[in-house]
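A short worksheet on the structure shown next.
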Amino acid sequence: MNEQPAQASNPPAHTYDFDLIVIGGGSGGVRCARMAARLGVRVACIESRFWGGTCVNVGCVPKKLYAIGSAFSTSVARARGFGWEVQEPSLRWEHLQAAVHKEVNRLSGVYDNILDSAGVTRLWGKASLAGKHKVEVDGRVITAQFIVIATGAHSRIPNLPGIEHTITSDGFFAMQNKPARAIVIGGGYIAVELASILAAAGSEVTILYRGETVLRGFDDEVREHLQGVLQARGIRILTHAQVASIDKAESGYRVTFAPDAGVHGVAIEADCVINATGRTPNSASLNLGAAEIEPDGSGAISVDEHFRTSTPNIFAVGDVLHRMQLTPVALAEGMYVAHYLFGKKAPAPIQYGCVASTVFSQPQVASVGLTEQACMVRGRKFRVYRSRFTPMQQVFANRQEKTFLKMLVDDASDVVLGIHIIGDDAGEIMQGFAAAMVCGATKAQLDATIGIHPTIAEELVTMREVSETVDPLS
Numbered sequence: 125m126n127e128q129p130a131q132a133s134n135p136p137a138h139t140y141d142f143d144l145i146v147i148g149g150g151s152g153g154v155r156c157a158r159m160a161a162r163l164g165v166r167v168a169c170i171e172s173r174f175w176g177g178t179c180v181n182v183g184c185v186p187k188k189l190y191a192i193g194s195a196f197s198t199s200v201a202r203a204r205g206f207g208w209e210v211q212e213p214s215l216r217w218e219h220l221q222a223a224v225h226k227e228v229n230r231l232s233g234v235y236d237n238i239l240d241s242a243g244v245t246r247l248w249g250k251a252s253l254a255g256k257h258k259v260e261v262d263g264r265v266i267t268a269q270f271i272v273i274a275t276g277a278h279s280r281i282p283n284l285p286g287i288e289h290t291i292t293s294d295g296f297f298a299m300q301n302k303p304a305r306a307i308v309i310g311g312g313y314i315a316v317e318l319a320s321i322l323a324a325a326g327s328e329v330t331i332l333y334r335g336e337t338v339l340r341g342f343d344d345e346v347r348e349h350l351q352g353v354l355q356a357r358g359i360r361i362l363t364h365a366q367v368a369s370i371d372k373a374e375s376g377y378r379v380t381f382a383p384d385a386g387v388h389g390v391a392i393e394a395d396c397v398i399n400a401t402g403r404t405p406n407s408a409s410l411n412l413g414a415a416e417i418e419p420d421g422s423g424a425i426s427v428d429e430h431f432r433t434s435t436p437n438i439f440a441v442g443d444v445l446h447r448m449q450l451t452p453v454a455l456a457e458g459m460y461v462a463h464y465l466f467g468k469k470a471p472a473p474i475q476y477g478c479v480a481s482t483v484f485s486q487p488q489v490a491s492v493g494l495t496e497q498a499c500m501v502r503g504r505k506f507r508v509y510r511s512r513f514t515p516m517q518q519v520f521a522n523r524q525e526k527t528f529l530k531m532l533v534d535d536a537s538d539v540v541l542g543i544h545i546i547g548d549d550a551g552e553i554m555q556g557f558a559a560a561m562v563c564g565a566t567k568a569q570l571d572a573t574i575g576i577h578p579t580i581a582e583e584l585v586t587m588r589e590v591s592e593t594v595d596p597l598s
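Residues in the sequence shown are numbered consecutively from 125, following this note's numbering.
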């Protein structure tokens, strides 16, 4: 059902300080607060760290700026193949850091203006629930008919001896100097992205991962291809590497492995150890019990299809949930709740099945829809199309990397189930194909599309030969 709450049709009497209180000034919280205010209700938004949240300040934005900045080392190498006489490049890390911080500060200020111009009351301080309609902000209690929790998540800190010697992604963006040697603990997208940045910037990088192949949850072929490329670019990847402890060494830090870890040697050293082992929802300090809300074991808040918690007037969006921890998803969820509560008509449900994502590794990984492993679980016959080739940007380079594209198609309906790309500008290419998949695109429709030649993207509309047909039930 997609019904409106009864309260939305009849604006409440001013028995509360606000109609809506949003806890969290990140992407999802700001979008929810701004949209609700523009719908004519009284809104307060509370933040205790920085406006714009993780994405703007210590996440997507600075990460991509660092990725762009570091990737010029590869551009220089390619330029030589095209006849450019270029000296060996050297990155001034402090210059890049200063430029990134300037842009981040500008964008954080934009969030201030967005809320102010919408008429949202901005409150600074640590917020917690004091009841089903009450929020305490640094000792002051305010009330609202509805409350939205949009507090995001933070880096998970494993219980390891010496973990205090590591930095998280937050600390990465505060590093004053580029480390000569870096260890990255973890194999998810954050670990891969930070490792790629440092390697491109000239650091000696080692990834320590407990599993077999990085990027768990992505298509297995994509994972294997990317891991090979990262290794070819000089990143050392030690798998089955269960860390036992981190100690201060004479020159830097020493990481020691558990006795049963499947790696050679007993310890490695580096100037910097980055912990990138996942993220945990920011719910521990919210006093959720005061509103009869019980998070799960990881701290995530459970919600229904309208983002309503077990307490009907309290909602939650973004990374504090156990759904997709992506900024555009948090934005969509925040907008949905604002319109669900105060709009004139019920908003359309969010389509999570075709949400595209990009790992800003070097090279990039972009995916939308199902992996091959997920297609197997569906239990229906599907076709696999693959393409590997050297893109024109690299044809004259000494180190040639293959771009990899993969498409999964339901055999009976011809509907495209999933698309995966590894290569330059993979994220830019994928956005348009994600839109096509939301519209239910078939392989025949892609085949009927005239490609733009010569581009990487055209490969997705010119793959005619089936690599294999898979019947999960056979």
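From the three backbone atoms N, C-alpha and C, an ideal C-beta is built for every residue, glycine too. Model, not experiment: these values are computed from the prediction.
Looking at C-alpha atoms only, which residue of the options is the closest neighbour of residue i?
{"i": "His380", "options": "Leu445, Asp443, Ile309, Gln449", "result": "The sequence given here places Thr at residue 380; His does not occur at that position. Selected option, being the one with the closest Cα: Ile309."}
{"i": "Glu374", "options": "Glu393, Met587, Asn181, Phe513", "result": "Glu393"}
{"i": "Gly276", "options": "Arg447, Glu429, Gly207", "result": "Arg447"}
{"i": "Gly402", "options": "Ile281, Phe206, Tyr509", "result": "Ile281"}
{"i": "Gly556", "options": "Gln517, Met587, Ala490, Met159", "result": "Ala490"}
{"i": "Val210", "options": "Ser197, Glu218, Leu220, Lys526", "result": "Ser197"}
{"i": "Val492", "options": "Ala559, Leu445, Gly358, Thr363", "result": "Ala559"}
{"i": "Asp534", "options": "Gln524, Ala498, Ala550", "result": "Ala498"}
{"i": "Thr245", "options": "Arg334, Val329, Gly153, Phe296", "result": "Gly153"}
{"i": "Ser124", "options": "Pro405, Gln518, Glu227, Ala157", "result": "Within the shown structure, residues of the chain are numbered from 125 to 598, placing residue 124 beyond reach of any answer."}
{"i": "Ala254", "options": "Leu247, Ala268, Trp248", "result": "Ala268"}
{"i": "Gly286", "options": "Asp371, Phe528, Pro596", "result": "Asp371"}
{"i": "Ala306", "options": "Tyr313, Ser591, Ile291", "result": "Ile291"}
{"i": "Val540", "options": "Val316, Lys188, Asp571", "result": "Asp571"}
Quick check on the burial criterion: 16 or more other C-beta atoms within 10 angstroms. Buried or exposed for residue i?
{"i": "Cys563", "result": "exposed"}
{"i": "Arg166", "result": "buried"}
{"i": "Asp548", "result": "buried"}
{"i": "Pro303", "result": "buried"}
{"i": "Thr579", "result": "exposed"}
{"i": "Thr514", "result": "exposed"}
{"i": "Gly149", "result": "buried"}
{"i": "Phe466", "result": "buried"}
{"i": "Tyr509", "result": "buried"}
{"i": "Phe520", "result": "exposed"}
{"i": "Glu127", "result": "Annotation note: pLDDT 47 at Glu127 (below 50); position unreliable, no value reported."}
{"i": "Phe206", "result": "exposed"}
{"i": "Met125", "result": "In this prediction, Met125 has a pLDDT of 36, which is less than 50 and means its spatial position is unreliable; what the coordinates show is noted afterwards. Exposed, because fewer than 16 other Cβ atoms sit within 10 Å of the Cβ of Met125."}
{"i": "Leu410", "result": "buried"}
{"i": "Glu589", "result": "exposed"}
{"i": "Leu247", "result": "buried"}
{"i": "Met516", "result": "exposed"}
Helix or strand or just coil, what does DSSP make of residue i?
{"i": "Tyr464", "result": "helix"}
{"i": "Asp262", "result": "coil"}
{"i": "Leu322", "result": "helix"}
{"i": "Lys505", "result": "coil"}
{"i": "Tyr190", "result": "helix"}
{"i": "Arg92", "result": "Because residue 92 is not part of the residues shown, which for the chain are 125 to 598, the question remains open."}
{"i": "Thr139", "result": "coil"}
{"i": "Lys302", "result": "coil"}
{"i": "Phe557", "result": "helix"}
{"i": "Gly205", "result": "helix"}
{"i": "Ile574", "result": "coil"}
{"i": "Val594", "result": "strand"}
{"i": "Ile370", "result": "strand"}
{"i": "Phe196", "result": "helix"}
{"i": "Leu339", "result": "coil"}
{"i": "Arg360", "result": "strand"}
{"i": "Leu332", "result": "strand"}
By DSSP's criteria, residue i is part of a beta bridge. Which residues make up the other side?
{"i": "Asn399", "result": "Ile309"}
{"i": "Lys530", "result": "Arg510, His544"}
{"i": "His278", "result": "Thr404"}
{"i": "Ala254", "result": "Partner(s): none; Ala254 has no beta bridge."}
{"i": "Ser375", "result": "In the DSSP output, where bridge partners are listed per residue, Ser375 has none listed."}
{"i": "Ile273", "result": "Ile147, Ala440"}
{"i": "Val483", "result": "Val489"}
{"i": "Ala391", "result": "Thr380"}
{"i": "Trp248", "result": "Glu171"}
{"i": "Thr451", "result": "Answer is none; Thr451 lacks a bridge partner."}
{"i": "Val539", "result": "Thr566"}
{"i": "Arg523", "result": "Its beta-bridge partners do not exist; DSSP assigns none."}
Which whole-angstrom value is the C-beta distance of residue i and residue j, which I expect to be below 8 Å?
{"i": "Ile545", "j": "Ile553", "result": "6 Å"}
{"i": "Val261", "j": "Val146", "result": "Not really, about 12 Å apart at Cβ, beyond 8 Å."}
{"i": "Glu345", "j": "Lys530", "result": "6 Å"}
{"i": "Val367", "j": "Leu332", "result": "6 Å"}
{"i": "Ile266", "j": "Ala415", "result": "Actually they are not in contact, since the Cβ atoms of Ile266 and Ala415 sit about 14 Å apart, beyond 8 Å."}
{"i": "Glu457", "j": "Val441", "result": "4 Å"}
{"i": "Tyr460", "j": "Ile474", "result": "6 Å"}
{"i": "Ser151", "j": "Ala454", "result": "5 Å"}
Report whether the distance from the Cβ of residue i to the nearest heavy atom of the ligand FMN is below 7 Å.
{"i": "Ser537", "result": "Ligands displayed in this structure: none; no statement on the ligand FMN is therefore possible."}
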